[in-house]
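Scroll down for the structure; my scribbles are underneath it.
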Amino acid sequence: MRALSESSNHPASRVPSLSEVHATVVTSQPSIWRRMFAFAGPAYLVSVGYMDPGNWATDLEGGARFGYQPLWVLVM
Numbered sequence: 051m052r053a054l055s056e057s058s059n060h061p062a063s064r065v066p067s068l069s070e071v072h073a074t075v076v077t078s079q080p081s082i083w084r085r086m087f088a089f090a091g092p093a094y095l096v097s098v099g100y101m102d103p104g105n106w107a108t109d110l111e112g113g114a115r116f117g118y119q120p121l122w123v124l125v126m
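Anchor point for the sequence shown: position 28 equals 78 in our numbering, and the numbering is continuous, going up by one each time.
Right, dumping it as structure tokens:
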């Protein structure tokens, strides 16, 4: 403990306070696209979890095999 208190008296070992550190951080407003993509990633993971991975793999396989041909079913 003595070594710690001796080193804390040295000016070079001074740790800035939280308010000092926060005041020196320059932040900017993210673009609208960056904010939208921040929601898209987790939404994508939740949608895959909701659909279950087996169903998702089957849908990908069907899309690769038949393309847009079965899309007319959605119109009905």
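From the three backbone atoms N, C-alpha and C, an ideal C-beta is built for every residue, glycine too.
Spatial distance of residue i from residue j (CA atoms)
i    : j    : result
L95  : G104 : 14 Å
Q119 : W106 : 18 Å
T113 : D102 : Sequence inspection shows Gly at residue 113; the Thr mentioned does not correspond to that position. So the alpha carbons of these two residues sit roughly 17 Å apart.
P80  : V98  : 27 Å
R115 : V76  : 51 Å
W83  : L110 : 27 Å
W122 : S78  : 46 Å
L124 : M86  : 27 Å
A73  : S67  : 10 Å
V215 : V65  : With the chain covering only 51 through 126, there is no way to say anything about residue 215.
Y100 : T108 : 14 Å
Which parts of the segment 60-126 are runs of the alpha helix (DSSP H), unbroken and 4 residues or longer, counting only runs that do not cross its ends?
As far as the segment 60-126 is concerned, its whole alpha helix (DSSP H) runs of at least 4 residues are 68-74, 82-101, 103-116, 122-125.
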